[in-house]
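Each remark here refers to the structure printed beneath this line.
Protein chains: 2
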Amino acid sequence: MNSDSNRKHNFSAGPCTLPLEVLRQAQQEFVDYQGAGMSLIEMSHRGKHFDAVAVEAMALSMEVFQVPDDFSVLFLQGGAMLQFSMIPMNLLTHGQKGAYVNSGAWADGAITDAKAYGDIYTAWDGAENNYTRMPTSAELAMQDHTRYLHITTNETIGGIRFAEWPEVDVPLVGDVSSEYMARRLPWEKFDLVYGGAQKNLGPAGMAVIFIRKSILEHTNRDLGRYLRYDIHEASGSMFNTPPVFPIYMFGKVLKWMKKQGGLAAMETLAAEKSGALYRAIDDSDGYYTCPVEVACRSQMNVVFRLPSEQLEQKFLSESAQVGLMNLKGHRSVGGCRASIYNALPKSSVDALAEFMADFSDNNARTNG
Amino acid sequence: MNSDSNRKHNFSAGPCTLPLEVLRQAQQEFVDYQGAGMSLIEMSHRGKHFDAVAVEAMALSMEVFQVPDDFSVLFLQGGAMLQFSMIPMNLLTHGQKGAYVNSGAWADGAITDAKAYGDIYTAWDGAENNYTRMPTSAELAMQDHTRYLHITTNETIGGIRFAEWPEVDVPLVGDVSSEYMARRLPWEKFDLVYGGAQKNLGPAGMAVIFIRKSILEHTNRDLGRYLRYDIHEASGSMFNTPPVFPIYMFGKVLKWMKKQGGLAAMETLAAEKSGALYRAIDDSDGYYTCPVEVACRSQMNVVFRLPSEQLEQKFLSESAQVGLMNLKGHRSVGGCRASIYNALPKSSVDALAEFMADFSDNNARTNG
Numbered sequence: 000m001n002s003d004s005n006r007k008h009n010f011s012a013g014p015c016t017l018p019l020e021v022l023r024q025a026q027q028e029f030v031d032y033q034g035a036g037m038s039l040i041e042m043s044h045r046g047k048h049f050d051a052v053a054v055e056a057m058a059l060s061m062e063v064f065q066v067p068d069d070f071s072v073l074f075l076q077g078g079a080m081l082q083f084s085m086i087p088m089n090l091l092t093h094g095q096k097g098a099y100v101n102s103g104a105w106a107d108g109a110i111t112d113a114k115a116y117g118d119i120y121t122a123w124d125g126a127e128n129n130y131t132r133m134p135t136s137a138e139l140a141m142q143d144h145t146r147y148l149h150i151t152t153n154e155t156i157g158g159i160r161f162a163e164w165p166e167v168d169v170p171l172v173g174d175v176s177s178e179y180m181a182r183r184l185p186w187e188k189f190d191l192v193y194g195g196a197q198k199n200l201g202p203a204g205m206a207v208i209f210i211r212k213s214i215l216e217h218t219n220r221d222l223g224r225y226l227r228y229d230i231h232e233a234s235g236s237m238f239n240t241p242p243v244f245p246i247y248m249f250g251k252v253l254k255w256m257k258k259q260g261g262l263a264a265m266e267t268l269a270a271e272k273s274g275a276l277y278r279a280i281d282d283s284d285g286y287y288t289c290p291v292e293v294a295c296r297s298q299m300n301v302v303f304r305l306p307s308e309q310l311e312q313k314f315l316s317e318s319a320q321v322g323l324m325n326l327k328g329h330r331s332v333g334g335c336r337a338s339i340y341n342a343l344p345k346s347s348v349d350a351l352a353e354f355m356a357d358f359s360d361n362n363a364r365t366n367g
Numbered sequence: 000m001n002s003d004s005n006r007k008h009n010f011s012a013g014p015c016t017l018p019l020e021v022l023r024q025a026q027q028e029f030v031d032y033q034g035a036g037m038s039l040i041e042m043s044h045r046g047k048h049f050d051a052v053a054v055e056a057m058a059l060s061m062e063v064f065q066v067p068d069d070f071s072v073l074f075l076q077g078g079a080m081l082q083f084s085m086i087p088m089n090l091l092t093h094g095q096k097g098a099y100v101n102s103g104a105w106a107d108g109a110i111t112d113a114k115a116y117g118d119i120y121t122a123w124d125g126a127e128n129n130y131t132r133m134p135t136s137a138e139l140a141m142q143d144h145t146r147y148l149h150i151t152t153n154e155t156i157g158g159i160r161f162a163e164w165p166e167v168d169v170p171l172v173g174d175v176s177s178e179y180m181a182r183r184l185p186w187e188k189f190d191l192v193y194g195g196a197q198k199n200l201g202p203a204g205m206a207v208i209f210i211r212k213s214i215l216e217h218t219n220r221d222l223g224r225y226l227r228y229d230i231h232e233a234s235g236s237m238f239n240t241p242p243v244f245p246i247y248m249f250g251k252v253l254k255w256m257k258k259q260g261g262l263a264a265m266e267t268l269a270a271e272k273s274g275a276l277y278r279a280i281d282d283s284d285g286y287y288t289c290p291v292e293v294a295c296r297s298q299m300n301v302v303f304r305l306p307s308e309q310l311e312q313k314f315l316s317e318s319a320q321v322g323l324m325n326l327k328g329h330r331s332v333g334g335c336r337a338s339i340y341n342a343l344p345k346s347s348v349d350a351l352a353e354f355m356a357d358f359s360d361n362n363a364r365t366n367g
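The listed protein sequences correspond, in order, to chains S and L.
Take the first sequence: its position 2, counted from the start at 1, is 1 in numbering that gives the first Met the number 0, and no numbers get skipped.
Take the second sequence: its position 357, counted from the start at 1, is 356 in numbering that gives the first Met the number 0, and no numbers get skipped.
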C-alpha cells in the first residue's frame, strides 16, 4: 500500500495513476473553487477563473517540456485517435506523401486512419520481428515528396521505444502518448508532437499537441473548423468549449512535475524505475522474459512473460491480492505489463520487483 | 445565496450550474472510488468500475430522455462543434444535399462546417428578422435530393426555440445542446439528435449523440475511424479512451434528473422558470424588453435588454454583488441573458425576478 492507507499500486496502461497530492487538491476545491461560490466545472470557459487555469497550463506545458518558442501548444478533444486523422488532413497538401513507421498497434492505427486522407506509405514495418524493436535510420525506406515521417515514439502495447531518433530529411511527427513529458525531445526534428493526456498528463478526454507555428501557414483550410490546427492555434484552444476538467488537472500535474524537478527528474525517475524492473527480469535466470530487444526497451511500459500462461494467471491473481493492480498485458498480446508512468512512485516499482522475486522463488517452473 | 452558504446563483450559458448534490457526491468519492484504492479517473476505461459507470449512463440516458430502442447513444469528444463536421461527413452520400435552417450563431456554424463536406443549402435564413424567431414549416424552401434538414432546436445566443417542429418530408437532424433533456422530442421525426454536454448534462468535454440505428448501414466509411458513427456505435463508445470524467458526471446528473421526476419534471420546471422571467419582463411596463417573438421564446436562455446600455452595466454589476452571476448577454449581441438550465433551482430564478423588479423601481429610465 502507498501512503494513503487504502491506496493501491496502480500499473494501469492508461487512464492511470495520478499524483495523490493532485487528486487531494482537486477534491478539496471541487465544489467551491477558490471561494467563487461554484465549481470550476460550472464556470464559463471564457471567464477569469478558467482563463487563468488554461493560460497557466499552456505556459507550464511549454516550460516543463522545454518546448522552443516556435511551437504552440493546443488542447483538443478526441484523444490521439482524432489526431490520426487530423495530421494527414491538415499537413498533406499538393500531392505530398506521409511516411509511417509501423511499430505496432498504435502506429498501425495511425496508418489506417491516414489512408483516408492522403498518399500514405510504410517506411518500415516491424511485423516481421513481431514488433519487438524499432528501426534504425538506415532501415527506413523513404520516398520522394514525403511531407513527414510519423513515428510512435513509444508503443504502449509492445513496450518498445525509439532509443535513437530517426535521421531523415523530412520533419518528424511523433505520437508520444505513452512517454509524454518523461523524456527530452530533439525539437528541431519535429513539426508536430502529440498524445493523449490519460497517461502522464492527467485524466482522459484531451490530446495535447505541440505544433511548429511556421507550418500553420501551409495547412489545409478546406476542413470543418474543429479539424483545423490553424483555427485552434489562433484562438488559444478556445475556439469552442475546451475540455475544462482535463486542462485543470493537467495544470496541477505540471506543477507537481515542476516541483519534482521537471523533465530531467522525470527522465531520471523513468530510467530508475524501468531499470529496476528490467533488472528483476534479467536477474530471474530466465523465469521472467521480456521479448523486446534490449536497446528498444520502453521506460514506461515494461512487458514480460512467465514460464507458462498458468503461472501468469497465478501471478496476476496474487499480485492483485497484495495491492499490485492492473499488471495484465494488453488483450492482443497477453502476458504481463507494468506501466510505470511519471506519477507512479518508485516505491510501487520496488514493491513489484520484490513480489516478482518472491513469486519466482515460490512457484517453480514445473508448477506451470 | 443557495443552500450552501457561499453558493451563488449561476446563470452561465455553459459550462453552467450543476446539481449541488451531484458535485458533493463526486467530491466525496473523488480520491478513492468505492474503496478501490484509486480514483475513477485513474482506472482503465475497460475495467469493471468504469464499465459499470458507462453502461449505466448509457441506459439512463435512453430512459430519462425517453429514447426509442431503434436509436443508439454515443458519447464522443469534440463537443457539438465536431458534430458540425461529422454529420455531413457521415450522412451525405451519393450526391445527397444537406438542408439547414439558419437560426443564428450556432446554426450558422453548423452550415459553415458542413460546406466542407457536401452540397449544403439554407432552407430558411433568419438574418432578415435578426434571428428573433424560428421559421414555420411553410417557409422552408426544401430542394430535391435532400438527405436531412438540420435544425438548432434552441439558439443559446438569440434565445429562440422551435415551439413547433418542422413538418418536412426528410428526417430531421437536431442540435439540442442548450435544451438537452429539458423537453420531449418527437423521435419519429429525427435521424440524429446531438449536443454538447456542458449545459444540461454535465461538465464540458463530451458530445452526446442519439442516432437512428438503421441509418448506420448507409453512412460513409471512407473516413478516419474516430470520425465514423458506425465504429463508435459498434464499440459502445469504447473505440478509444472515452471522456471518463464527463461520462461519470453525466451518469450522476441523470440519476438526479430521474429523482426529480424525469423529463416531464424538467419540462415543467423549464416552463415555470422561464415563465417567471418572461413575466418579470412583460410586467415591467417596457423597462425590460425581450426581442424574441413570443411564440419562439426559449425556455433555457432568456434574453432581455434594459432601457440603456448604461443601465445594463449597472444591472450586471449590482446583480453580481448580490450573488446573481453571469447575466451578461453574449458578446456578439450584448444586453442580458439568464440561462436557466435544468440544474438551476427555481429559487435562483425567483431571486432574479425579485432583483429585476427592485432594480426597475430604483433606477428610472431617465437615469440611463
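Every residue gets a Cβ at the ideal spot worked out from N, C-alpha and C, and that includes glycine.
Quiz item: When you compare each of L/GLY194, L/ALA58 and L/SER297 to L/TYR277 by their alpha carbons, which one comes out closest?
Solution: The shortest C-alpha separation from L/TYR277 is found at L/SER297.
Exercise. Run down chain L in chain order and give the residues with a C-beta less than 9 Å from the C-beta of S/ASP112.
Key: The contacting residues are LEU222, GLY223, ARG224, TYR225 and LEU226.
Self-check item: Per-residue contacts from L/THR16 into chain S (C-beta, under 8 Å)
Solution: Ordered by position in chain S, the residues that pass the 8 Å Cβ test against L/THR16 are MET37 and GLU41.
Quiz item: Buried or exposed: where does S/GLY34 fall if 16 or more other Cβ atoms within 10 Å of its Cβ makes it buried?
Solution: Under a 10 Å Cβ-count criterion, S/GLY34 is classified as exposed, with fewer than 16 other Cβ atoms of the shown protein chains found around its own Cβ.
Quiz item: Where does S/ASP31 land, buried or exposed, given buried means 16+ other C-beta within 10 angstroms?
Solution: Around the beta carbon of S/ASP31, a 10 Å sphere encloses 16 or more other beta carbons of the protein chains shown; the residue is thus reported as buried.
Exercise. Report the rounded CA-to-CA distance for S/ALA58 versus S/LYS272, giving the unit in angstroms.
Key: Cα to Cα, S/ALA58 sits roughly 28 Å from S/LYS272.
Practice problem: Classify L/THR152 as buried or exposed, calling it buried when 16 or more other Cβ atoms lie within 10 Å of its own Cβ. | Solution: Buried is the call here.
Quiz item: Does the beta-carbon distance from S/ASP143 to S/ALA79 come in below 9 Å?
Solution: No, the pair does not count as a contact, with Cβ atoms beyond the cut-off.
Quiz item: Do the stretch 108–120 of chain L and the stretch 244–253 of chain L touch if we need at least three Cβ pairs shorter than 8 Å?
Solution: With the cut-off at 8 Å, the stretch 108–120 of chain L and the stretch 244–253 of chain L do not touch.
Quiz item: Who are the Cβ neighbours of L/ASP118 in its own chain at under 6 Å, not counting the five residues just before and after it?
Solution: Listed in chain order, the non-local C-beta contacts of L/ASP118 below 6 Å within the same chain comprise LYS96, local neighbours out to five positions each way being set aside.
Quiz item: Would you say S/PHE354 reaches chain L, if we count a Cβ-Cβ gap shorter than 9 Å as a contact?
Solution: It does not; no Cβ of chain L falls within 9 Å.
Practice problem: For the stretch 72–105 of chain L, enumerate the residues whose C-beta is nearer than 7 Å to any C-beta of chain S, in chain order. | Solution: Under the 7 Å Cβ criterion, the stretch 72–105 of chain L contributes GLN76, GLY77, GLY78, MET80, LEU81, PHE83 and SER84.
Practice problem: Flag this pair as yes or no: are the beta carbons of S/PHE89 and S/SER347 separated by less than 9 Å? | Solution: The question names Phe, but residue 89 of chain S is Asn in the sequence shown. No.
Practice problem: Measure the C-alpha to C-alpha separation of S/ARG149 and S/VAL169 and round it to an integer number of angstroms. | Solution: According to the sequence displayed, residue 149 of chain S carries His and not Arg. Here the alpha carbon of S/HIS149 sits roughly 10 Å from the alpha carbon of S/VAL169.
Quiz item: Among residues of its own chain, excluding the 5 on either side of L/ALA269, which ones have a beta-carbon nearer than 6 Å to its beta-carbon?
Solution: So the list reads ALA181 and GLN298, once near-sequence residues are dropped.
Quiz item: If you measure from the beta carbon of S/PRO241 to each beta carbon in chain L, is any gap under 9 Å?
Solution: At least one chain L Cβ lies under 9 Å of S/PRO241.
Quiz item: Okay, do the stretch 308–322 of chain L and the stretch 232–247 of chain L touch, 3+ Cβ pairs below 8 Å being the bar?
Solution: Contact between the stretch 308–322 of chain L and the stretch 232–247 of chain L is absent, because fewer than three Cβ pairs lie under 8 Å.
Practice problem: Evaluate contact between the stretch 156–172 of chain L and the stretch 342–356 of chain S, counting only Cβ atoms and requiring at least three cross-stretch pairs below 8 Å. | Solution: Not touching, per the Cβ criterion.
Exercise. Counting only runs of 4+ residues fully inside the stretch 280–323 of chain L, write out the alpha helix (DSSP H) ranges in chain order.
Key: Correct list: 308–320.
Quiz item: With a CB to CB cut of under 6 Å and the five nearest residues on each side skipped, what residues in its chain are close to L/SER2?
Solution: Model confidence at L/SER2 stands at a pLDDT of 48, short of 50, so the residue's coordinates are unreliable and nothing is read from them.
Quiz item: Taking a cut of 8 Å between CB atoms, which residues from the stretch 332–353 of chain S lie near chain L?
Solution: Against chain L - using a Cβ distance shorter than 8 Å - the stretch 332–353 of chain S contributes no residues.
Quiz item: For the stretch 279–286 of chain L against the stretch 353–366 of chain L, are there 3 or more C-beta pairs whose distance is under 8 Å?
Solution: Under the Cβ criterion (8 Å, minimum of three pairs), the stretch 279–286 of chain L counts as touching the stretch 353–366 of chain L.
Practice problem: Anything in chain C within Cβ reach of L/ALA233, meaning under 9 Å, just list it in chain order. | Solution: Note that chain C does not occur in the displayed structure, where the protein chains are S and L.
Quiz prompt | Nearest neighbour of L/ILE86, chosen from L/PHE358, L/ALA126, L/THR131 and L/LEU171 [CA to CA] | solution = Nearest C-alpha to L/ILE86: L/LEU171.
Quiz item: What's the C-alpha gap between L/TYR286 and L/GLY328?
Solution: Straight-line spacing of the CA atoms in L/TYR286 and L/GLY328 works out to 17 Å.
Quiz item: So L/ILE210 is in the beta strand (DSSP E); what residue range does that whole segment cover?
Solution: Looking at the DSSP string, the run of the beta strand (DSSP E) that includes L/ILE210 is 206–211.
Quiz item: Going straight from the alpha carbon of L/ASN366 to that of L/ARG304, what length do you get?
Solution: Caution applies to L/ASN366, whose pLDDT of 47 falls short of 50 and renders its modelled position unreliable; the value that the coordinates give is listed next. Answer to the nearest angstrom: the Cα atoms are 15 Å apart.
Quiz prompt | Residues near L/ALA342 in its chain [Cβ-Cβ closer than 6 Å; skip 5 each side] | solution = Within the same chain, L/ALA342 has close Cβ partners THR16, LEU17 and PRO18.
Exercise. Taking a Cβ distance cut-off of 9 Å, strictly less, list which residues of the stretch 299–326 of chain L are near chain S, in chain order.
Key: Residues passing the 9 Å Cβ filter: GLY322, MET324 and ASN325.
Quiz item: Do the stretch 100–107 of chain S and the stretch 130–145 of chain S make contact, defined as three or more Cβ pairs closer than 8 Å?
Solution: Enough Cβ pairs lie closer than 8 Å, so yes.
Exercise. Give the DSSP bridge partners of S/PHE70, in chain order.
Key: DSSP output for S/PHE70 lists S/ARG211 as bridge partner(s).
Self-check item: Boundaries (first-last residue) of the beta strand (DSSP E) holding L/HIS144
Solution: Counting along the chain, L/HIS144 falls outside any beta strand (DSSP E), and DSSP gives it neither H nor E.
Quiz item: Along chain S, in chain order, which residues have C-beta atoms closer than 7 Å to that of L/LEU22?
Solution: Going along chain S in sequence order, the residues near L/LEU22 (Cβ under 7 Å) are PHE29, VAL30 and SER38.
Quiz prompt | Own chain residues within Cβ distance below 6 Å of L/ILE214, not counting five before or after | solution = Within the same chain, ASP190 come within 6 Å of L/ILE214 by CB-CB distance, once the 5 residues on both sides are set aside.
Exercise. Please check if any C-beta of chain L sits within less than 9 Å of the C-beta of S/TYR147.
Key: Interface with chain L (9 Å Cβ-Cβ cutoff): S/TYR147 is excluded.
Practice problem: Classify L/TYR116 as helix, strand or coil using the three-state DSSP reduction. | Solution: Coil at L/TYR116, not helix or strand.
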